[in-house]
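In my numbering, the protein residues as written are 194 to 349.
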């Protein structure tokens with residue numbers, strides 16, 4: 194069973210601050226950028242597109258796999274969980290990506306700490322995602338509710 198914690202802050206800033214060495218980016222297979230979070234992340238880390246362009250599989254076969262982007266703050270994993278931005282979120286693709294990541298951790302004999310961002314306008318069911326995350330082995334998961342730093346009542 195993984196250890197899951199939850200935080201609410203700007204997911205990109207949390208990654209840059211070192212809250213996790215591995216950042217999961219739910220991405221579609223054809224770089225169809227209609228998602229503001231992906232646009233923001235790619236603007237901050239343009240190597241995401243270069244790594245995606247070099248990924249050897251055609252778009253349809255990417256579902257359930259991931260590509261690896263190395264940054265100065267840690268690693269970003271492009272989890273291919275949708276074919277296009279207009280298509281449905283593939284929970285089975287997420288399970289496949291997480292299983293591959295878990296197997297890497299088990300083979301290395303260590304735990305992998307990952308950050309999983311959830312945005313307000315996500316098209317997937319957050320409860321379903323959390324259930325899937327609960328069944329992964331050797332992953333220390335931080336679920337980040339992406340918050341662009343808005344100040345709520347009583348905070349400064």
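Note that CB positions come from ideal geometry on N, CA and C, so glycine has one too.
Beta-bridge partners of residue i, as assigned by DSSP
i           : result
residue 261 : 270
residue 339 : 202
residue 332 : 305
residue 197 : 334
residue 275 : 221
Anticipated Cβ contact below 8 angstroms, residue i with residue j, distance rounded
i           : j           : result
residue 208 : residue 267 : 7 angstroms
residue 272 : residue 218 : 7 angstroms
residue 316 : residue 282 : 5 angstroms
residue 262 : residue 238 : 7 angstroms
residue 286 : residue 277 : Not a contact, Cβ separation roughly 13 angstroms.
residue 233 : residue 205 : 7 angstroms
N-terminal and C-terminal residue of the alpha helix (DSSP H) that residue i is part of
i           : result
residue 326 : 319-326
residue 246 : 240-247
residue 236 : 229-237
residue 226 : Here residue 226 belongs to no alpha helix (DSSP H), and DSSP marks it neither H nor E.
residue 253 : 252-255
Residues of its chain near residue i, where Cβ-Cβ distance is below 6 angstroms and the 5 sequence neighbours each way are ignored
i           : result
residue 289 : 257
residue 330 : 295
residue 291 : 329
Beta-carbon contacts of residue i that lie in its chain and below 7 angstroms, excluding the five residues immediately before and after
i           : result
residue 248 : 255, 260
residue 312 : 230, 339
residue 306 : 213, 214, 215, 333
residue 198 : 335
residue 210 : none
residue 250 : 258
residue 347 : Note that residue 347 has pLDDT 41, beneath the 50 cutoff, so the model's placement of it is unreliable and no number is given.
residue 227 : 278
residue 319 : 311
Cβ-based neighbour list, residue i, same chain, cut-off 8 angstroms, excluding 5 preceding and 5 following
i           : result
residue 200 : 207, 212, 335, 336, 337, 338
residue 264 : 238, 240
Opening and closing residue of the beta strand (DSSP E) in which residue i lies
i           : result
residue 218 : 215-221
Check: residue i C-beta below 7 angstroms from any heavy atom of the ligand ADP
i           : result
residue 276 : The ligand ADP is not part of the structure shown, which contains no ligands of any sort.
Whole runs of the beta strand (DSSP E) within the stretch 281-311, excluding any shorter than 3 residues: 305-311
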